[in-house]
Structure formats: C-alpha cells, structure tokens
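Student: If you scroll down you'll find the structure; I have some questions about it.
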Amino acid sequence: MSKPPVMARAVERGLAPLIGRRASHLLPRARLGGPMPWVIAIMVALTVLAAGGALALTNLVDRARADLAGGVTVQIVEADPVLRAAQADRAMATLRDHPGVADMRRVPQAELEALIEPWLGGGVRSEVVPLPALIDVRLDGEVSQASLDNLRSALAEVAPDARIDAQSDWLGPVFSAIAALRWLAIGLIALLAFTSAAAVWLAARNALNANRSTIEVVHLLGGTDGQIARIFQRSVLIDAALGGVVGLVLGAIALTILGAQFAALDAGLVQGGGLGGFDWLLMAVVPFAAVAIALLTARMTVMASLRKML
Amino acid sequence: MSRSEEEIVRFDNVGLRYGTDKEVLSNIAFSLYPGRFYFLTGASGAGKTSLLRLLYLAQRPSRGAIRMFGRDVITQPREKLPSFRRRLGVVFQDFRLVEHLSAFDNIALPLRVSGVREADVQKPVADMLDWVGLGNRANARPATLSGGEQQRVAIARAVIARPDLLVADEPTGNVDPEMALKLIRLFEALNRLGTTVVVATHDVHLLRKVPDSLIMRLDKGQLSDPTGALRYPPRNPMPASPPNAPRDGRR
C-alpha cells in the first residue's frame, strides 16, 4: 500500500459552515413528492380565506358604522294619515332649523311600500295598513344620547307621535354577530397555525426517523446539533415556501371568486365588505408566517431529538 | 513532559451497563499514547464494541472517568463534544455509509462537517479515493460497491481528516485475508503519519501482522494487557519513543 496522501492538513476546522448545497444532499428528498408542501399549501389557503373573511367583515363593519354614524330615523307613528302628514310636515320644518342637522329627507311613500313588499306583497294600500312617516336625518357628527335627547325635546310638541332612533342602534345586533364572526376567524387562524406546526412536527419526526442512521453518522463525525438542525430547516424551508406560495395563490383565487359573488348580490351592507390593497398585503404575509412557524417547529423538534443523543 | 501528559486517552475505573443489567464493562483502566498501534481483542460478546463506543463518544460510561486529549469528556457539556469527535476517525463494524451519497461524498463528509471549504475538499478526497484503490468508483453509491469496496470507503472516510485517534471495529471482518492484510497495511501507513490506531478484532492472526502493536484483551467485560504497557501507570517503563512515532514531525 502506498503512502497515504497528504490530506487536509487541510482540516482547518470550522471555516465553511455546513449549509447550502453542501448540506442539502445529506437528506434524500423527493420535492413535492411528500405531503409536507401540500399540507402547508392547504393550511395557508385556509388561513388566507379566514384572514380574508375577517378583514372583509372588519371593512364591512367600519364602512357601515361610518355610513350610519350620523344617521337618525324619525318615525311618525300615527294611524290617521292626515294627522301623520301634518306631524311630519311640522317635524321637517323644525328639523330644518335645528342646529346640528346637516341633511334630511322624507322617505317617499313608494319607497316605504317597497320596503314592506317582501313581507306583505305588492299593492298594499296605506289606508289599510298604515305605515309610519319616515324622515331620514343626517347629523353633523356622530349620534350621541345627548343629540338624540335634543331632537326628542325639539319634536315633542310639534310631533308628539314621533319616535327618534339612531340608525346604528338598529344594526347593533348585526355588528355583534359580525364581531363574533371576526373572532371566529381569528380563532380559526390560530388553530390553523397550531395545526401547521403540528404537521411540521410530525413531518420532522418522520424525517428524523427515516434519516436516523445518516444523522447518527453526521453526529459521530463531529456534526453539531445546529448543523444537523440546519439541514432539516433547509429542507423544511423549501417545502414551506413552495406550499406557502401555492396556498396563497389558491386562497387568493378563492377569495376573488367569493368577492365577485358577494358583489353580484348588490346588497347594501355586503357592498362594504370588499378587500383593499393593504388587506391583500396582509394576506401576502401569511406564507411568510407559515414558513417561520415551520422553521421554528422543525428546529425545536430536531434539537429536542438530538439532545437525547450523547 | 511526563508520560501521563502525553497520553491522548485515559480510562479510569470505567464501568458500563445498559439499563439495569449487569455491567458489560467493569473497572476498565488504560491509557493510549500518541502514535501507537493497538489491537483490542476478545471473543464475540466480550465488550469490544461497547468499549469502542465509549472511545468514539457514542456512549457515556455508567461510572468512572474518561479523559481524551487532556480533557475530561464525561463532564464536558454536550456542545463541546463535536470538537472531540472531529479529532477521531471511526470505522464502524457495519460501515455506516450514507446510502444516498456517492463514495466521494461519503469520504468528504468529515471534511464538510468540519467546515473545510469546498475548494479544499475536492483534491484530498480524490487522492484518498485513489489511495484506497477506488479512484474509478467516485460516483458509485454504497449499494453498488462490494463489501471490500464499502470497507475501503468507510476507512477512507475515517482517515480523510487526519484524525488524532483512529478507531476501527472489526475492519477486516467482511473481507478476504488478502484484503484484510491490505487494510492493516493502510492503517500502519496512517499510523506512521502519527495517528494513534485502535483496531478491534477477534482475528488473532491479524495481531502478528503488526509486530510493534500493543494488545488489549477483553474477557467478559474485564480488560487485560498482555503487552504490559497499557495499564495506568504502566507496569513496565515505556520506551523512550513510541515504536511508531510519527516521522513527519507532525507531533
């Protein structure tokens, strides 16, 4: 046997970290062949949907609140149409001079009949079913209890049958329901993040078990826990990034289709629930968050497993 | 410099048991000195592999003290152990080649783990492949190599980083006598460069092939030292310089 080659005296240790291509081929891989990228894609798509829903609901509530902020409805509830019309005229005259009233209009009879048509059908005559006279009032600022009391005292004499309500009060239960839905979406996002972490944990453990012999060899050759963890993190990073992009695209397509369908409803309240540029930007962060969760989970899983070795 | 300061490995009263079973190694005490060639012999089941696992830091002893390169490795924190392992070369009994890596990449593994730049990996690994007679099998996966070829890749991987201590577990167990002799000559060549070599074997004929070697014999977990040179402190005065002292002035 000839003299051994003068090998790396060479071993100036620690000059180049075990990363990149040097590390990548230590673990055999079948990119997109395993379930990891697809699990992450589904999680990201669902998270984007949930986040999109929560943001759309937030926008809807904000716009509805803004629309209704200064809105007050004055109803003249009087069965006699002559008296009702007289009280409505006097109320209009009083409101016109009332400080703080920015705008007002009397809701036409035809519009009132159209409002009740879905329940009572068409052709309802006002003398058969008396409808209250409605005055839609806009105040300068937001409606407060004090401004409502002011209006009530101003109309008390001229229109004793007037009922005065803030329009936002009518939608109070709707806003509460929407707030509950928003919390549900946030809870769903948290649950999806947890599920993603659990999926990565399982995948990392499976990969650890499948590559245990390689890991032991690298460990016994002097590989550090950090080096071995980085090998897995690199693999998980690529899987999570692929899954994140696919999931974001799927989620965005689904949201766009849903948005178009809701827009086609042409219903006043729903119109306010669109997504703005900042909302889409926020949803673009979801894949990055998924990658961060995946990397952190993979590192913690691998490090915990390696710590059991000497 | 006293003899105890020169030793690169020292076991004191080391015992090893797995779980609650009786000790597989008892009261193991010996020292290894730089540049020497040691055989670890004993019947199958005598505890050779267990002792080697302690040597290449795959296992903690149940009791006793182990010093390596002048440091107590038992009390070292885990994160310090890789720096010790990088000074060791190990030939595993079952080779433990990474199946999906080529012969080249298997041999390059210790250098890459140690942080050698990629540009500095290519030539030493190519030279090493030539040295073990596998220059034309650089891209072959372990599954396509014969037992002897796998053995040589495992040995090349163990020595590529010029370890201070080479530990080989039955390195000739799967090869014919001619290849066994070649491998032993390979270890001797490395030993002449200054690496301390410990070869575990149950083949007593092999011991005669390296005349200056020292012998540790394990019997039912107890160590004896027929050469009289291994016990700490040594039973007989040590020679002024180890018989296989390095000739390249490395140490």
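Here the protein sequences come in this chain order: A and B. Using the numbering used here, you'd call the opening residue of the first sequence number 147 and step up by one each time. Using the numbering used here, you'd call the opening residue of the second sequence number 4 and step up by one each time. Even for Gly, the Cβ is constructed at its ideal location relative to N, Cα and C. On a predicted model such as this, the values are computed, not experimentally measured, just so you know.
1. Below 8 Å on the Cβ atoms is my guess for V185 of chain A versus M429 of chain A; work out the distance and round it to an integer in Å.
2. For the candidate residues B:E121, B:P174, B:A192, whose alpha-carbon lies nearest to that of R99 of chain B?
3. Three-state secondary structure (DSSP) at M71 of chain B?
4. For L60 of chain B and chain A, any beta-carbon pair shorter than 9 Å?
5. Identify the continuous beta strand (DSSP E) that holds Q221 of chain A and give its terminal residues.
6. Does the segment 165 to 173 of chain B come into contact with the segment 87 to 97 of chain B, if we say contact requires no fewer than three beta-carbon pairs (one atom in each stretch) closer than 8 Å?
7. On the three-state DSSP scale, how would you describe F87 of chain B?
8. Under 9 Å between the Cβ atoms of V431 of chain A and L383 of chain A?
9. Does the Cβ of E460 of chain A have 16 or more other Cβ atoms within 10 Å, making it buried, or fewer, making it exposed?
10. At a Cβ threshold of 9 Å, is L479 of chain A touching chain B?
11. What residues match up with M477 of chain A in a beta bridge as DSSP calls it?
12. Could you tell me which of B:Q79, B:S65, B:D108 sits nearest to A161 of chain B, measuring between CA atoms?
13. When you check each C-beta in the segment 106 to 120 of chain B against every C-beta of chain A, which residues fall closer than 8 Å?
14. Answer yes or no: does any C-beta atom of chain B fall closer than 9 Å to that of L456 of chain A?
15. Quick check on the burial criterion: 16 or more other C-beta atoms within 10 angstroms. Buried or exposed for P245 of chain A?
16. Are at least three pairs of beta-carbons, each pair with one atom in the segment 173 to 188 of chain B and one in the segment 143 to 160 of chain B, less than 8 Å apart?
17. Go through its chain and collect everything with a Cβ distance to G216 of chain A's Cβ below 8 Å, but skip five positions before and after it.
18. Is it right to say N194 of chain B is buried, meaning 16 or more other beta carbons lie within 10 angstroms of its own, or is it exposed?
19. If I follow the unbroken beta strand (DSSP E) through L456 of chain A, where does it start and stop?
20. Quick check on S86 of chain B - is its C-beta less than 9 Å from some C-beta in chain A?
21. Hey, could you find the ends of the beta strand (DSSP E) F98 of chain B is sitting in?
22. Is G224 of chain B closer than 9 Å to L28 of chain B when the C-beta atoms are compared?
23. With a CB to CB cut of under 7 Å and the five nearest residues on each side skipped, what residues in its chain are close to L137 of chain B?
24. Provide the residue(s) that pair with L168 of chain B in DSSP beta bridges, ordered along the chain.
25. Sorted by chain position, which residues of the same chain lie with C-beta nearer than 6 Å to A398 of chain A's C-beta, five sequence neighbours on each side aside?
26. Starting from A161 of chain B and walking both ways along the alpha helix (DSSP H), at which residues does that stretch end?
27. Could you check which residue in A:N355, A:A237, A:V346 has the C-alpha nearest to that of P306 of chain A?
28. For R358 of chain A, count neighbouring C-beta atoms within 10 Å of its own C-beta (all shown protein chains included) and say buried if the count is 16 or more, exposed if not.
29. Quick check: the Cα distance between A331 of chain A and A345 of chain A, rounded to an integer number of angstroms?
30. Where do the ends of the alpha helix (DSSP H) carrying I310 of chain A lie?
31. In chain B, what lies closer than 9 Å to T204 of chain A by C-beta?
32. Report buried or exposed for Q291 of chain A, applying the criterion of at least 16 other Cβ atoms within 10 angstroms of its Cβ.
33. Taking just the CA atoms, how far does S216 of chain B sit from V207 of chain B?
34. Looking at the structure shown, is G18 of chain B part of a helix, part of a strand, or coil, going by DSSP?
35. So, with DSSP's three-state summary, where would you put R63 of chain B?
36. Do we get a CB-CB distance below 9 Å when we pair T193 of chain A with the residues of chain B?
Tutor: Per the coordinate set shown:
1. Residue 185 of chain A sits at position 39 when you count from the first residue of the first sequence. Residue 429 of chain A sits at position 283 when you count from the first residue of the first sequence. Not confirmed; about 19 Å, so no contact.
2. Translated into the one-based positions of the second sequence, residue 99 of chain B becomes position 96. Cα-wise, what sits closest to R99 of chain B is B:P174.
3. Counted from its first residue, the second sequence places residue 71 of chain B at position 68. Here M71 of chain B sits in strand by DSSP.
4. Position 57 of the second sequence, counted from the first residue, corresponds to residue 60 of chain B. Cβ-Cβ to chain A under 9 Å: yes for L60 of chain B.
5. Locating residue 221 of chain A in the first sequence gives position 75, where the first residue counts as 1. Note, Q221 of chain A: beta strand (DSSP E), 217 to 222.
6. yes
7. Translated into positions along the second sequence, residue 87 of chain B becomes position 84. Three-state result, F87 of chain B: helix.
8. By 1-based counting over the first sequence, the position of residue 431 of chain A is 285. By 1-based counting over the first sequence, the position of residue 383 of chain A is 237. Against a cut-off of 9 Å, the Cβ pair of L383 of chain A and V431 of chain A comes out as no contact.
9. Here chain A comprises residues numbered 147 to 456, so residue 460 of chain A is not present and cannot be evaluated.
10. The displayed coordinates of chain A run from 147 to 456. Any statement about residue 479 of chain A would go beyond what the structure contains.
11. Look at the range of chain A in this structure, 147 to 456, and you will see that residue 477 of chain A is not part of it.
12. Residue 161 of chain B sits at position 158 when you count from the first residue of the second sequence. Among B:Q79, B:S65, B:D108, the Cα nearest to that of A161 of chain B belongs to B:D108.
13. Taken in chain order, the members of the segment 106 to 120 of chain B whose beta-carbon sits within less than 8 Å of a beta-carbon on chain A are D108, L112, P113, L114, R115, V116, S117, G118, V119, R120.
14. Residue 456 of chain A sits at position 310 when you count from the first residue of the first sequence. At least one chain B Cβ lies under 9 Å of L456 of chain A.
15. To locate residue 245 of chain A, count along the first sequence from 1; it is residue 99. By the 10 Å Cβ count, P245 of chain A comes out exposed.
16. yes
17. Against the first sequence, residue 216 of chain A aligns to sequence position 70. Answer for G216 of chain A: A248, R284, L285, D286, G287, E288, V289, listed in chain order.
18. What you label residue 194 of chain B is simply residue 191 of the second sequence in a count that begins at 1. Counting Cβ neighbours within 10 Å, N194 of chain B comes out buried, since at least 16 surround it.
19. Working through the first sequence from its first residue, we reach residue 456 of chain A at position 310. That residue, L456 of chain A, is in no beta strand (DSSP E); it is neither H nor E in DSSP.
20. In the second sequence, the residue the question calls residue 86 of chain B occupies position 83. Yes - at least one Cβ of chain A is within 9 Å of the one on S86 of chain B.
21. As a working mapping, residue 98 of chain B is identified with position 95 in the second sequence. From DSSP, F98 of chain B is part of no beta strand (DSSP E); its letter is neither H nor E.
22. For this step, residue 28 of chain B is matched to residue 25 along the second sequence. For this step, residue 224 of chain B is matched to residue 221 along the second sequence. Taking 9 Å as the Cβ cut-off, L28 of chain B and G224 of chain B qualify as a contacting pair.
23. One-based indexing of the second sequence puts residue 137 of chain B at position 134. The residues are A106, E152, R155, V156.
24. Locating residue 168 of chain B in the second sequence gives position 165, counting from the first residue. Residue pairing from DSSP places L168 of chain B in a beta bridge opposite B:L91, B:T199.
25. Position 252 of the first sequence, counting from 1, holds the residue named residue 398 of chain A. So no residue of the chain qualifies.
26. Counted from its first residue, the second sequence places residue 161 of chain B at position 158. Here the alpha helix (DSSP H) through A161 of chain B covers 150 to 162.
27. For this step, residue 306 of chain A is matched to residue 160 along the first sequence. When only C-alpha atoms are compared, the closest one is A:A237.
28. Along the first sequence, read from residue 1 onward, the residue named residue 358 of chain A stands at position 212. So R358 of chain A counts as exposed.
29. The residue you call residue 331 of chain A lines up with position 185 of the first sequence. The residue you call residue 345 of chain A lines up with position 199 of the first sequence. Distance between the alpha carbons of A331 of chain A and A345 of chain A: 20 Å.
30. Residue numbering aside, residue 310 of chain A sits at position 164 when the first sequence is read from its first letter. From DSSP, I310 of chain A is part of no alpha helix (DSSP H) but of the beta strand (DSSP E) over 308 to 312.
31. Position 58 of the first sequence, counted from the start, is the residue given in the question as residue 204 of chain A. Those within 9 Å of T204 of chain A in chain B number zero; the least Cβ separation is about 47 Å.
32. In the first sequence, residue 291 of chain A corresponds to position 145, counting from 1. Counting C-beta atoms within 10 angstroms of its own C-beta, Q291 of chain A has fewer than 16 neighbours from the protein chains shown and is therefore classed as exposed.
33. By one-based count along the second sequence, residue 207 of chain B stands at place 204. By one-based count along the second sequence, residue 216 of chain B stands at place 213. Roughly 12 Å between the two C-alpha positions.
34. The residue you call residue 18 of chain B lines up with position 15 of the second sequence. Three-state DSSP puts G18 of chain B in a strand.
35. Within the second sequence, residue 63 of chain B is the residue found at index 60, counting from 1. It is coil, neither helix nor strand.
36. Working through the first sequence from its first residue, we reach residue 193 of chain A at position 47. Cβ-Cβ to chain B under 9 Å: no for T193 of chain A.
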